[in-house]
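Chains as they are written, first to last, in the working numbering: chain A, 19 to 117; chain B, 9 to 228. Ideal placement from N, C-alpha and C gives every residue a C-beta, glycine not left out. Following: one structure in structure tokens, then a few remarks.
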Amino acid sequence: MAIGWYLVVSALIFCIGAGGVLARRNPLVILLCLELMLNGANLALVAFARMWGTETGQVFALIVMVVAAAEVTVGLGLIVAIYRRRMPIDVDELSELHG
Amino acid sequence: MTPVLFFIAAIGAISGAIGVVTLRNPFYSVLCLAFHLVSLAALFLLLRAEFVAAGQVVVYAGAVMVLYVFVVAYVGGGEQLPSGGVLKVLGPLFALALAIELCIAMLGSGLAGIKGKGAPFIPGFGTPKHIGALFLTTYLFPFEAASILLLIAAVGAVVLARRRRGLERDEEAELRVRAPRPAYTGTMAEAAGIRPAAHEQEPQPEVEPVGGPAHSPGGW
């Protein structure tokens, strides 16, 4: 398969994730959609690594996975903290910080 | 064979992604994401990235998804939120525009490699041996930075999600602590003789004094 096909798939995954981040209101699902966007980028990185025949892109993809895991941990911790404070789990309602 | 596998994996990945975005129940969204991740691992395998594919399945589909499932179970899936106004329409439109733009940019970029099948085969490409060698030589600093980042994230998650003391009074837990155990249930205090055991117990008044058991040396 040509590398372009993989890039098209990665672009589609990224766009689906971006649309989900904008349209959904549950922070849990927004985190899932962020994962989708990161995975789309990962696929592009691995495809480019295949195109050039070097493993640098794969190393970058692994680092992206680490960053995604860290982001998920902190994000889920925030969601649990919100739930403990009995606040609504809805990004439109959580508007305390901007006054 | 490769095109068939590619299209199966690609359709799986994209349908999983659409499922994540469209399903109302967060639990089903998490399951769709797990499916999407496994399909993506198949795509990685087709790109000869064995180690990344294995890491994807182990780290993402294994560990991160378990974390998600636990949080969804704890938070309770959330009530079905009503669809939110303008962004509900604008979000998909934006995504569509972005997709068209990206496709135009890719097809119009004129990169010579995009139409090819990639570099010629290199023995050992993408194996843990090569990736590990890269991580410990050329990319040592990102590797160490990633480990510190993971440590910070773990500590941060514990700090964020722990039960805070002093911010809010947890009445239920206080009641649970203050309520005395029923007498003679074989506590350590009875065994050590701090609390008189059954046979040497003088009859007690039925009514507990306010905060009485908290002051008594025995208790639970």
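Please state the DSSP three-state secondary structure of A/Arg104.
coil
Is it right to say B/Ala120 is buried, meaning 16 or more other beta carbons lie within 10 angstroms of its own, or is it exposed?
exposed
Applying the criterion that 16 or more other CB atoms from any shown protein chain within 10 Å of the CB defines a buried residue, is B/Ala153 buried or exposed?
exposed
Could you spell out the range, first to last residue, of the alpha helix (DSSP H) harbouring A/Met69?
Pro45 to Trp70
Please report the distance separating the alpha-carbon of B/Phe35 from that of B/Gly118.
42 Å
CB contact below 7 Å: B/Tyr147 versus chain A:
yes
Kindly indicate the opening and closing residues of the alpha helix (DSSP H) around B/Phe129.
Note, B/Phe129: premise wrong, no alpha helix (DSSP H); not H, not E.
Helix, strand or coil for B/Ser47, going by three-state DSSP, please let me know.
helix
What does the Cβ neighbour count give for A/Pro45, buried or exposed, with the cut at 16 atoms within 10 Å?
buried
Verify the CB distance criterion: does A/Val77 have a CB-CB separation below 7 Å to chain B?
yes
Can you tell which of B/Leu104, B/Val67, B/Arg32 and B/Val38 has its C-alpha closest to the C-alpha of B/Ala49?
B/Val67
Rounded separation between A/Arg103 and A/Leu96 - CA only
11 Å
Quick one: residues in its chain with C-beta nearer than 6 Å to the C-beta of A/Ala79, no 5 flanking neighbours on either side, listed in chain order?
Asn60, Leu63 and Val64
Whose C-alpha, out of A/Met105, A/Ala86, A/Ile34 and A/Ile48, is nearest the C-alpha of B/Ala161?
A/Ala86
Kindly indicate if chain A contains any beta-carbon less than 7 Å away from that of B/Phe102.
yes
From the DSSP output, in three-state form, read off A/Asp110 for me.
coil
Proximity to A/Ser113 [Cα-Cα], best of A/Gly58, A/Leu50 and A/Arg43:
A/Arg43
Quick one: is B/Phe43 near chain A, going by C-beta distance under 7 Å?
no
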